[in-house]
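A.B. asks: In full-length UniProt numbering, the protein residues as written are 1 to 201. For glycine and all other residues, C-beta sits at the position ideal for the given N, C-alpha and C. Bear in mind the structure is a predicted one, so any value in this text is a computation, not a measurement. The structure under discussion is supplied below as structure tokens; questions concerning it will follow.
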């Protein structure tokens, strides 16, 4: 999970204008290569898009190269900053995606799963502005991230099993939760990692 560095008083950069990393470019090129192999791109199209991928400076430039090669869930990078919502079903956001400073979330008798292990946080303090009625919110966060549930809860359950670092980023779950369930956890540590110092120590 990455956090772009900028002065605290500076307005957050638009999601599409965030700078791309070498790893982001390689993710896109890998999908382009798959599309070449299975015939969705010609050799010329692959060459042209790959050149543009390696020259891309922002995430928005990269996402424009793969939008027609697969559904949203299969994209190597997701820069969609629209609200997350679900009605009587299940929705998930994961992989390499950008988490805006304030993320609206609506769950009506459904489940929202947010996987932040590979996400890019626009700030070190993210607020999930929630309205949950009879629904469930599930967060999977990397080690070092704190999750605080500050929203108004009515007949709701909560559970946070994370391993925050003293100066690590914070995910705040605010809003209103009625007959809801909120759970946040960090991935289980491998046996060999249990004896290593935690981040920030």
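Locate the beta strand (DSSP E) running through residue 229, then write down its first and last residues.
C.D. replies: Nothing about residue 229 can be read from this structure; the chain reaches only from 1 to 201.
A.B. asks: Figure out for me which residue from 45, 43, 44 and 65 has the closest Cα to the Cα of residue 53.
C.D. replies: For the residues 45, 43, 44 and 65, the minimum Cα distance to residue 53 belongs to 65.
A.B. asks: Closer than 8 Å is the cut-off here; do at least three beta carbon pairs connect the region 120-128 with the region 165-176?
C.D. replies: Yes, the region 120-128 touches the region 165-176.
A.B. asks: Please classify residue 202: is it buried, with 16 or more other beta-carbons within 10 angstroms of its beta-carbon, or exposed?
C.D. replies: Nothing in the structure corresponds to residue 202, since the chain is present only between 1 and 201.
A.B. asks: Just confirm the distance between the C-beta atoms of residue 184 and residue 139, as a whole number of angstroms; I'd bet it's less than 8 Å.
C.D. replies: Contact flag correct, Cβ pair sits at about 4 Å.
A.B. asks: List the endpoints of the continuous alpha helix (DSSP H) containing residue 50.
C.D. replies: Residue 50 -> alpha helix (DSSP H) spans 43-55.
A.B. asks: Mind checking whether residue 98 and residue 31 have CB atoms under 8 Å apart?
C.D. replies: No, they are not a contact pair.
A.B. asks: Does the Cβ of residue 137 have 16 or more other Cβ atoms within 10 Å, making it buried, or fewer, making it exposed?
C.D. replies: Per the 10 Å Cβ criterion, buried.
A.B. asks: Between 3, 152, 155 and 161, which lies nearest to residue 210 when the distance is taken from Cα to Cα?
C.D. replies: Any question about residue 210 goes unanswered here, given that the chain covers just 1 to 201.
A.B. asks: Within a Cβ cutoff of 6 Å, which residues of the same chain sit near residue 85, ignoring the five residues on either side of it in sequence?
C.D. replies: Result list for residue 85: 106, in chain order.
A.B. asks: Sorted by chain position, which residues of the same chain lie with C-beta nearer than 6 Å to residue 142's C-beta, five sequence neighbours on each side aside?
C.D. replies: Answer for residue 142: 1 and 117, listed in chain order.
A.B. asks: Go ahead and pull the three-state DSSP assignment for residue 165.
C.D. replies: DSSP places residue 165 in coil when its eight states are reduced to three.
A.B. asks: Please classify residue 63: is it buried, with 16 or more other beta-carbons within 10 angstroms of its beta-carbon, or exposed?
C.D. replies: Burial call: buried.
A.B. asks: Is it right to say residue 43 is buried, meaning 16 or more other beta carbons lie within 10 angstroms of its own, or is it exposed?
C.D. replies: Its Cβ having fewer than 16 others within 10 Å, residue 43 is exposed.
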